[in-house]
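J.: Residue numbers (the working numbering), protein chains in the order written: chain Z, 6 to 254; chain Y, 196 to 414. Where a beta carbon is used, it is the ideal one built from N, C-alpha and C, also for glycine.
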Amino acid sequence: MATLTARAPRRIGAPIVLILPALLFGLLVSVQWRTQLERSELSVRYNAPLLDAARSLQSEQEVLKKQLADLRAQLDEIQRGAASQSTASRDLQAQIEDLRSAAGLTERTGDGVQIVLDDAHTTVTAPAANVDKSICHSTDLTDIINAAWRGGAQAIAVNGERVVGSTSVYCVGSTIMVNGTLMSPAFTISVIGPQNELLGAYDDPNELKDVKQRRDVYGLGFRVTRASGLRVPAYAGALNVKYATPTER
Amino acid sequence: MRGNAGVIWMSIVALFLGVLAVTQIKAQDVYTRSLELETPSSLTTLIANLAERNNALRDEIFDMKLRTEAARDDAANGRGTLTEAQRQLAQLRVFAARTSVKGQGISVRIDGAFDDKALSDLVNEMRNAGAEAISLNTVRVGPRSYFGITTDKSLTVDGSAIRGPWTVSAVGAPEVMYVAMTRTGGIIGQFELIYRGTRFNVSRESALDLPSLANPPRG
Chain Z
6 MATLTARAPR
16 RIGAPIVLIL
26 PALLFGLLVS
36 VQWRTQLERS
46 ELSVRYNAPL
56 LDAARSLQSE
66 QEVLKKQLAD
76 LRAQLDEIQR
86 GAASQSTASR
96 DLQAQIEDLR
106 SAAGLTERTG
116 DGVQIVLDDA
126 HTTVTAPAAN
136 VDKSICHSTD
146 LTDIINAAWR
156 GGAQAIAVNG
166 ERVVGSTSVY
176 CVGSTIMVNG
186 TLMSPAFTIS
196 VIGPQNELLG
206 AYDDPNELKD
216 VKQRRDVYGL
226 GFRVTRASGL
236 RVPAYAGALN
246 VKYATPTER
Chain Y
196 MRGNAGVIWM
206 SIVALFLGVL
216 AVTQIKAQDV
226 YTRSLELETP
236 SSLTTLIANL
246 AERNNALRDE
256 IFDMKLRTEA
266 ARDDAANGRG
276 TLTEAQRQLA
286 QLRVFAARTS
296 VKGQGISVRI
306 DGAFDDKALS
316 DLVNEMRNAG
326 AEAISLNTVR
336 VGPRSYFGIT
346 TDKSLTVDGS
356 AIRGPWTVSA
366 VGAPEVMYVA
376 MTRTGGIIGQ
386 FELIYRGTRF
396 NVSRESALDL
406 PSLANPPRG
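#1: In chain Y, what lies closer than 9 Å to Z:Y207 by C-beta?
#2: From Y:D306 to Y:G392, what distance separates their C-alpha atoms?
#3: Can you tell me where the beta strand (DSSP E) holding Y:I301 begins and where it ends?
#4: To the nearest angstrom, how far is the alpha carbon of Z:I299 from that of Z:V121?
#5: Starting from Y:S295, find everything on chain Z with Cβ-Cβ shorter than 7 Å and list it in chain order.
#6: Which complete alpha helix (DSSP H) runs does the segment 148-224 of chain Z hold, if anything under 4 residues is left out?
#7: If you draw a straight line from the alpha carbon of Z:D148 to that of Z:G86, how long is it in whole angstroms?
#8: By the three-class DSSP mapping on this structure, what secondary structure does Y:K328 have?
#9: Given Y:D316, which residues of its chain have a CB within under 7 Å of its CB, disregarding the five upstream and five downstream residues?
#10: So if DSSP puts Z:T231 in a beta bridge, which residue, or which two residues, is it bridged to?
#11: Mind checking Y:N410: buried by the 16 CB within 10 Å criterion, or exposed?
#12: List the whole-angstrom C-beta distance separating Z:N151 from Y:F257, where the pair is believed to meet the contact cut-off of C-beta under 8 Å.
#13: Would you decide whether Z:E253 is buried or exposed? Buried here means 16 or more other CB atoms lie within 10 Å of its CB.
#14: Could you have a look at Y:T379 and say whether DSSP puts it in helix, strand or coil?
#15: Would you mind sorting Z:S45 into buried or exposed? The rule is 16 or more other CB atoms within 10 Å of its CB.
#16: Can you confirm whether Z:Q100, when its beta carbon is compared against all beta carbons of chain Y, has any partner nearer than 8 Å?
#17: Helix, strand or coil for Y:V208, going by three-state DSSP, please let me know.
#18: Could you check what DSSP says for Y:F257 in three-state terms: helix, strand or coil?
#19: Which stretch, first to last residue, makes up the beta strand (DSSP E) that contains Y:T362?
#20: Have a look at the DSSP bridge pairing and note the partners of Y:D404.
#21: Step through the CB atoms of chain Y and report whether any lies within less than 8 Å of the CB of Z:T172.
#22: Would you mind working out which of Y:D404, Y:A308, Y:P412 sits nearest Y:V296, comparing C-alpha positions?
#23: Where do the ends of the alpha helix (DSSP H) carrying Y:F290 lie?
#24: Exposed or buried, Z:Y240, counting other C-beta atoms within 10 Å across all chains shown (16 or more means buried)?
#25: Let me know if Y:P338 comes out buried or exposed under the rule of 16 or more other beta-carbons within 10 Å of its beta-carbon.
#26: Determine the chain Z residues that contact Y:Q281 at a beta-carbon separation under 8 Å, and present them in chain order.
#27: Nearest to Z:T92 by CA position, among Y:T276, Y:A285, Y:Q283, Y:R282, is which residue?
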């Protein structure tokens, strides 16, 4: 009798030890199943040909940009050669080179700052409104670029895409396009320019208030660091000057 | 023996638990971005945008091939490449906002409250629609232009304050830009919801005159 009484707690204890993990197991299975269910609803069967088309166009764009860059280099070489023939040609060539640099058509290297913008990485299931605040938007990128120009930036690239006068940051669904190139976070913004002024612009409490608040409250990834020896590539897209006619000589 | 079986079962359960916990943690990364998760509607918009960009690149490649061949012939025949150089200079001066320009386009007149973030978004939208040159009232927007707002609610472009009402003018394909601005759910529609007391008027323009950049940046 005494033996039975002594054994009772052990019999009860073993199932409890198993019940707790089993409950957790069940909970995780159901959450996992719900997550999978939501995703499968999103992956519509008609997406496959559209996805193929988007990927194929993106690959084609890379080839076209390379072709255009090669042609620009060829034409530049011909002109440099011809420029030695007369003073007028030399002057024109010097102006062209100055403008190419000002317009972002030449590679730049130098010191500056690097900004990393990324979606929050949290394990907490956030309500939809918070998710919106935890992820990066195209307007965050335009605000970061605006602050860089204000800080005296000389050249900017977003994930290797040079920011020029025709650059747009365009958002469709959750995909962001810069110069027509598809991108996803994390975004690395390389900014060449005076480091102290640039850091000062980003430290200014009036700048990027929303981004900083979302970083502090919702875990949005936003980090600005001093960087040396940055390389910002030349703009490789089309210049697209068809409608505007210069009125100054 | 029974004790060993219990330990084995508990180990199996713990293993599953670990695997599921890790999978769930990864799955609950706040937001999953992937092209695969885009809706057909978004993918169609992305495809249209990519196709348009690629067509512009193809046009420019075609044009560049002709110009490269012509310049090569001119150089080989000792004629020099002055014509090509002048053409390139004109194109670059427009692209870098170093010359005043004229051309067709659109104007957006803004009468009422507005701010620098919205101005930046509007300029971004115009660029995406193919604007070749943009100005705010009489101030040209350049490749490195930045926007701000003063305490008396004037907008600033490169530090120059401009009081409202404002007119943002863009030289480019008028119809394309007009549709991009005024489409349902487009930027003007969004502004009208946000700035309820402000009047936005978008118009196609047959002859715009935009100034050059007042203070081109150095370096």
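T.: With the given structure in hand:
#1: Working through the first sequence from its first residue, we reach residue 207 of chain Z at position 202. Correct list: empty, because the minimum Cβ distance to chain Y is about 13 Å.
#2: Locating residue 306 of chain Y in the second sequence gives position 111, where the first residue counts as 1. Locating residue 392 of chain Y in the second sequence gives position 197, where the first residue counts as 1. So the alpha carbons of these two residues sit roughly 9 Å apart.
#3: As a working mapping, residue 301 of chain Y is identified with position 106 in the second sequence. 296-306 is the extent of the beta strand (DSSP E) around Y:I301.
#4: Missing from the structure shown is residue 299 of chain Z; chain Z here goes from 6 to 254 and no further.
#5: For the purposes of this step, residue 295 of chain Y is taken as residue 100 along the second sequence, with counting starting at 1. Near Y:S295 (Cβ distances below 7 Å), the residues of chain Z are T252, E253.
#6: 200-208, 214-223
#7: Here residue 148 of chain Z refers to the residue found at position 143 of the first sequence. Here residue 86 of chain Z refers to the residue found at position 81 of the first sequence. Going by the C-alpha atoms only, they are around 42 Å apart.
#8: Within the second sequence, residue 328 of chain Y is the residue found at index 133, counting from 1. What sits at residue 328 of chain Y in the sequence shown is Ala, not Lys. It is a strand residue.
#9: Here the question's residue 316 of chain Y lines up with position 121 in the second sequence. Taken in chain order, the residues that qualify are I382.
#10: To locate residue 231 of chain Z, count along the first sequence from 1; it is residue 226. In the sequence as presented, Thr is not what sits at residue 231 of chain Z; that position holds Arg. Paired residues: Z:V118.
#11: By 1-based counting over the second sequence, the position of residue 410 of chain Y is 215. By the neighbour-count rule (16 or more Cβ atoms within 10 Å), Y:N410 is not buried but exposed.
#12: Looking up residue 151 of chain Z in the first sequence gives position 146. Looking up residue 257 of chain Y in the second sequence gives position 62. With a Cβ gap of about 35 Å, Z:N151 and Y:F257 do not count as contacting.
#13: On the first sequence, residue 253 of chain Z is found 248 positions in, with the first residue counted as 1. Burial call: exposed.
#14: Counted from its first residue, the second sequence places residue 379 of chain Y at position 184. It is coil, neither helix nor strand.
#15: One-based indexing of the first sequence puts residue 45 of chain Z at position 40. For Z:S45, the pLDDT reaches just 49, beneath the cut-off of 50, and the residue's location in the model is therefore unreliable, although a value from the coordinates is still provided. It is exposed - the Cβ of Z:S45 has fewer than 16 other Cβ atoms within 10 Å.
#16: Counting from 1 along the first sequence, the entry for residue 100 of chain Z is found at position 95. With 8 Å as the cut-off, Z:Q100 counts as an interface residue toward chain Y.
#17: As a first step, residue 208 of chain Y is located in the second sequence; it is residue number 13 there, counting from the start. Correct three-state label for Y:V208: helix.
#18: For the purposes of this step, residue 257 of chain Y is identified with residue 62 of the second sequence, where counting begins at 1. Helix at Y:F257.
#19: Residue mapping note: residue 362 of chain Y aligns to position 167 of the second sequence, counting from 1. Looking at the DSSP string, the run of the beta strand (DSSP E) that includes Y:T362 is 361-366.
#20: For the purposes of this step, residue 404 of chain Y is taken as residue 209 along the second sequence, with counting starting at 1. DSSP output for Y:D404 lists Y:K297 as bridge partner(s).
#21: By one-based count along the first sequence, residue 172 of chain Z stands at place 167. Output row for Z:T172: interface = yes.
#22: On the second sequence, residue 296 of chain Y is found 101 positions in, with the first residue counted as 1. Among Y:D404, Y:A308, Y:P412, the Cα nearest to that of Y:V296 is on Y:D404.
#23: Position 95 of the second sequence, counted from the first residue, corresponds to residue 290 of chain Y. It spans 277-290 - the alpha helix (DSSP H) in which Y:F290 sits, taken as one unbroken run.
#24: Numbered from 1 along the first sequence, position 235 holds the residue referred to as residue 240 of chain Z. It is buried - the Cβ of Z:Y240 has at least 16 other Cβ atoms within 10 Å.
#25: Here the question's residue 338 of chain Y lines up with position 143 in the second sequence. Per the 10 Å Cβ criterion, buried.
#26: Counted from its first residue, the second sequence places residue 281 of chain Y at position 86. Neighbours of Y:Q281 on chain Z, chain order: L97.
#27: Position 87 of the first sequence, counted from the first residue, corresponds to residue 92 of chain Z. Comparing Cα positions, the closest option is Y:T276.
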